[in-house]
DNA sequence: TGTTAATGATACCATATTAGTATCATTTGT
DNA sequence: ACAAATGATACTAATATGGTATCATTAACA
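So this is what it looks like as structure tokens:
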């Protein structure tokens, strides 16, 4: 089971790297540092730019930099960008078929697991990943 | 993000239903009760049979019944049957490229979330799902 | 002012996983 | 013998993931 997908993973690493750099960072640098396919990395950064987590500068000497403080870049937000809303889906049967009618026990249990997960997840920021 | 897939879901419902029945239960009954495609339900039950969670009886008047007590049928086990080992995968980069070297912070955080999840998951049995 | 080095946008492709379907074989009660 | 059940197995469809490929745009700089 996957908590995060590759693009989320790569995005987080890129963000961590950038949080330690002063000026602009290019795709080329990241590709070299992180060993990720270049076009894939580009796509990821472009997405982060669209979502206002990065800002970009075109042309020679251009590149990317963080738009907001690493302390305010939450992992759940990055997950949301690349994986959609973060949470655990419930059951698949339509309500009127569910053997436990309205108060489905399974649903509740899953919901509770989800809560625990989110509680921990929400504390993770790029800043918290970088500090050692 | 999916905690459980459809076959796990359907399997759990089928098991819940069977835990409340005395004798044998046929695919036909389950299909009717749960509104799941018949061949899909068959496949699921056959799998549960292979994994010794159900026992089956062929021929006219045949069907399935639980092989072990609902108290001993753990949700994680059903998940394992249909989804493979339960847990959260870590990161994707090979170790020597990981920016945080050996002690990857992300990995640890994910591991911790996984622990919390498993702790809650391990308590769920078919019996615990049926009681209201 | 033209070349070059960067990103922007977009469409496409490959692979894996999930969610089934279809079919034939086997068993067993009537 | 027939019908009603499961066993085994192979195939198919839909979706998500993990990318590639290409052309357009921008801006520094010689």
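Protein chains in written order, with the working numbering: chain A, 1 to 132; chain B, 1001 to 1132. Ideal placement from N, C-alpha and C gives every residue a C-beta, glycine not left out.
Query                                                                                                                                                          : Result
DSSP three-state call for residue 64 of chain A: helix, strand or coil?                                                                                        : strand
With a cut-off of 8 Å, does the C-beta of residue 83 of chain A fall near any C-beta of chain B?                                                               : yes
Are the C-beta atoms of residue 45 of chain A and some chain B residue less than 8 Å apart?                                                                    : no
Would a check of beta-carbon distances place residue 1072 of chain B closer than 8 Å to chain A?                                                               : no
Taking the alpha carbon of residue 1074 of chain B as the point to measure from, which residue in B/1039, B/1105 and B/1118 has its own alpha carbon closest?  : B/1118
What first and last residue would you give for the beta strand (DSSP E) that runs through residue 1123 of chain B?                                             : Where residue 1123 of chain B is concerned, there is no enclosing beta strand (DSSP E), given that its DSSP letter is neither H nor E.
Tell me whether residue 18 of chain A counts as near the ligand SAH, meaning its Cβ is closer than 7 Å to at least one heavy atom of that ligand.              : Absent from the structure shown: the ligand SAH. Ligands present: none.
From the DSSP output, in three-state form, read off residue 12 of chain A for me.                                                                              : helix
Can you name the residues of chain B whose CB is closer than 8 Å to the CB of residue 87 of chain A?                                                           : 1001
Please list the residues of the region 25 to 43 of chain A that have a C-beta atom closer than 9 Å to any C-beta atom in chain B, keeping them in chain order. : 33, 34, 35 and 36
Where does residue 1009 of chain B land, buried or exposed, given buried means 16+ other C-beta within 10 angstroms?                                           : buried
What first and last residue would you give for the alpha helix (DSSP H) that runs through residue 24 of chain A?                                               : Careful: residue 24 of chain A lies outside any alpha helix (DSSP H) and carries neither H nor E.
Strictly by DSSP, which residues pair up with residue 56 of chain A?                                                                                           : A/64
Against residue 52 of chain A, what residues of chain B qualify as contacts under a CB-to-CB distance less than 8 Å, listed in chain order?                    : Result: empty, since nearest Cβ-Cβ is about 23 Å, beyond 8 Å.
Considering residue 1089 of chain B, what are the terminal residues of the alpha helix (DSSP H) in which it resides?                                           : Note, residue 1089 of chain B: premise wrong, no alpha helix (DSSP H); not H, not E.
From the DSSP output, which residues share a beta bridge with residue 74 of chain A?                                                                           : A/125
Using 8 Å as the Cβ pair cut-off and three pairs as the minimum, do the region 105 to 118 of chain A and the region 1019 to 1035 of chain B touch?             : no
Using a Cβ-Cβ cutoff of 7 Å, what residues of the region 105 to 117 of chain A are near chain B? List them in chain order.                                     : 105, 106, 109, 110, 112, 113, 116 and 117
Between residue 1050 of chain B and residue 1067 of chain B, what straight-line distance do the alpha-carbon atoms span, to the nearest angstrom?              : 11 Å
On the DSSP letters alone, give me the boundaries of the alpha helix (DSSP H) that residue 50 of chain A sits inside.                                          : 38 to 50
Can you tell me the Cα-Cα spacing of residue 43 of chain A and residue 1126 of chain B, whole angstroms?                                                       : 44 Å
When you compare the CB of residue 1120 of chain B with every CB in chain A, is at least one pair closer than 8 Å?                                             : yes
Buried or exposed: where does residue 64 of chain A fall if 16 or more other Cβ atoms within 10 Å of its Cβ makes it buried?                                   : buried
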